[in-house]
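Novice:
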Amino acid sequence: MLVLGRSQVEALLRPDALIDALGEAMADLSAGRASAPGRIAALVPEHEGFLAAMPGFVPSAGVLASKLVSLFPHNAGTRLPTHQALIVMFDPGTGEPVALLDGTAITAARTGACSALSARLLAREDASVLAVLGTGVQARSHAHAMCRVRPIGQIRVAGRNPAKAAALAEELSSELDATVRAVASYAEAADGADIVAATTHALEPVVRREWLSPGTHITSVGYNPAGREIDDATVAQALVCVESRAAALAPFPAGTNDLLMPIRDGVITPDHVHAELGELVVGSRPGRTSPDQITLYKSVGVAVQDAAAAALVVTAARERAVGEEITLR
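So in this note's numbering, spot 252 of the sequence shown is number 1332, and the numbers just go up one at a time.
(1) If you scan the region 1177–1202 from start to end, which runs of the beta strand (DSSP E) of 3 or more residues do you find wholly inside it?
(2) Which residues does DSSP list as the beta-bridge partners of L1210?
(3) Say whether chain B places a C-beta atom closer than 8 Å to the C-beta of T1187.
(4) Between which two residues does the beta strand (DSSP E) carrying V1412 extend?
(5) Could you tell me the alpha carbon to alpha carbon distance between S1254 and A1247, rounded to whole angstroms?
(6) Indicate the three-state DSSP secondary structure (helix, strand or coil) for S1221 in the structure shown.
(7) Kindly confirm or deny that the region 1308–1324 and the region 1373–1384 touch, where touching means at least three C-beta pairs closer than 8 Å.
(8) Using the rule of at least 16 other Cβ atoms within 10 Å of the residue's Cβ for burial, across every protein chain shown, is S1370 buried or exposed?
(9) Under the three-state reduction of DSSP, which class applies to I1298: helix, strand or coil?
(10) Measure from the alpha carbon of L1131 to the alpha carbon of each residue in L1292, K1147 and A1122, then state which is nearest.
(11) Mapping DSSP to helix, strand and coil, what is P1172?
(12) With H, G and I counted as helix, E and B as strand and the rest as coil, what does DSSP make of V1229?
(13) Excluding five sequence neighbours on each side, which residues of the same chain lie with their C-beta closer than 8 Å to the C-beta of V1124?
(14) Check A1410 in the structure and name its three-state DSSP category.
(15) Apart from the five residues just before and just after D1182, which ones in its own chain have a Cβ nearer than 6 Å to its Cβ?
(16) On the three-state DSSP scale, how would you describe Y1303?
(17) Should I1120 be labelled buried (16 or more other beta-carbon atoms within 10 Å of its own) or exposed?
(18) For S1150, list the residues DSSP reports as bridge partners.
(19) Does the beta-carbon distance from A1105 to S1146 come in below 8 Å?
(20) Between the beta-carbon of G1136 and the beta-carbon of P1172, is there less than 8 Å?
(21) Less than 8 Å separating the beta-carbons of D1338 and I1310?
(22) On the DSSP letters alone, give me the boundaries of the alpha helix (DSSP H) that E1268 sits inside.
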């Protein structure tokens, strides 16, 4: 069984190949070829944390895998990330365990990459101004990923902590071919932005309709069981797309309050969810229909994303003889 650590995973995972692989995995999921049952979780109430299990089979990638991921929000600001994960891969022909790898890096990369896939499918071709809401791992991942699919020339970073926003802006300035600056508020970041990437653990919406310009594409990956990132007006007026209708509209720990709350309150119905990413990939559902249309990709994270990413990593590791082989039996 091949074992790969976080630094090895980060070195082996190629961003452009990942975005393409996620498109194929999303198409498999929407067509019913992939298997990705709803996420389950064991709760740790005293720390507001949980441990979730996410198994998935992706035929296009020839991969059968399961991720165990913990979300402990109070790790923010400590040496430990809020999301930590392991992925186990199995031979899809025999069920034999074949690889164990760090899933923390994969979770960060595949989430940003799938948001970039949504931007490739839904954002205007000339989108050049990116607002990044949040200052953590996903903020970094999204800034890098978005620059791979659209001509981003300007990035604005906003967060609850101005010092962290400034530090992230300085970091991204040294890594990306774009003008990056920290701004004082989420509203200032969103004003005139072509793409707004929400990556927070917010209780109250950090994206509000009155802050958005015509034609904005929004990606929202934040997850807080007690809160939401997007306000009702934005959800109601946007063309809404998800990874999986079943996952996005499922109860905790799979679904999203950003859609469940406005459905509960009668603001929208479940039919307001326009498309899954896989349907956009294969063209069975249309995407943006006008330059002024507001589009929203609401992510909850599905196992096929992790499986597809893990398959890329393990293939590259075997080609380059990277990692340690161990025997379990």
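C-beta atoms are modelled at their ideal positions from N, C-alpha and C, and glycine is treated no differently.
Specialist: According to the structure shown:
(1) For the region 1177–1202, whole beta strand (DSSP E) runs of length 3 or above, ordered along the chain, are 1177–1182.
(2) For this step, residue 1210 is matched to residue 130 along the sequence shown. Looking at the DSSP assignment, L1210 forms a beta bridge with I1235 and I1275.
(3) Although the question refers to chain B, the structure presented lacks it and comprises just one protein chain.
(4) Residue 1412 is absent from the model: the chain starts at 1081 and stops at 1409.
(5) For the purposes of this step, residue 1254 is identified with residue 174 of the sequence shown, where counting begins at 1. For the purposes of this step, residue 1247 is identified with residue 167 of the sequence shown, where counting begins at 1. Their backbone Cα atoms lie some 11 Å apart in a straight line.
(6) Along the sequence shown, read from residue 1 onward, the residue named residue 1221 stands at position 141. DSSP places S1221 in helix when its eight states are reduced to three.
(7) Flag = yes, the region 1308–1324 and the region 1373–1384 touch.
(8) For the purposes of this step, residue 1370 is taken as residue 290 along the sequence shown, with counting starting at 1. Burial call: exposed.
(9) Taking the sequence shown and counting its residues from 1, the one referred to as residue 1298 is at position 218. Looking at I1298 - three-state DSSP - the assignment turns out to be strand.
(10) As a working note, residue 1131 is residue 51 in the sequence shown. Among L1292, K1147 and A1122, the Cα nearest to that of L1131 belongs to A1122.
(11) Here residue 1172 refers to the residue found at position 92 of the sequence shown. DSSP, reduced to helix, strand and coil, places P1172 outside both helices and strands of the structure shown, so it counts as coil.
(12) Locating residue 1229 in the sequence shown gives position 149, where the first residue counts as 1. Taken through DSSP and simplified to helix, strand or coil, V1229 comes out as coil.
(13) Looking up residue 1124 in the sequence shown gives position 44. If we look at V1124 and ignore the five residues flanking it on each side, its Cβ neighbours are F1130, L1131 and F1152.
(14) With the chain covering only 1081 through 1409, there is no way to say anything about residue 1410.
(15) Taking the first residue of the sequence shown as 1, we reach residue 1182 at position 102. Around D1182: G1085, R1086 and V1089.
(16) Reading the sequence shown from its first residue, position 223 is the one you call residue 1303. In this structure, Y1303 counts as coil in the three-state DSSP scheme.
(17) What you label residue 1120 is simply residue 40 of the sequence shown in a count that begins at 1. By the 16-neighbour rule on beta-carbons within 10 angstroms, I1120 is exposed.
(18) Position 70 of the sequence shown, counting from 1, holds the residue named residue 1150. Listed as beta-bridge partners of S1150 by DSSP are L1131 and Q1164.
(19) In the sequence shown, the residue the question calls residue 1105 occupies position 25. In the sequence shown, the residue the question calls residue 1146 occupies position 66. Not a contact, by the Cβ cut-off of 8 Å.
(20) For the purposes of this step, residue 1136 is identified with residue 56 of the sequence shown, where counting begins at 1. For the purposes of this step, residue 1172 is identified with residue 92 of the sequence shown, where counting begins at 1. For G1136 and P1172, no; Cβs fall outside 8 Å.
(21) If you number the sequence shown from 1, residue 1338 lands on position 258. If you number the sequence shown from 1, residue 1310 lands on position 230. Yes, they are a contact pair.
(22) Position 188 of the sequence shown, counting from 1, holds the residue named residue 1268. Taken as a continuous stretch (DSSP letters only), the alpha helix (DSSP H) holding E1268 covers Y1266 to A1270.
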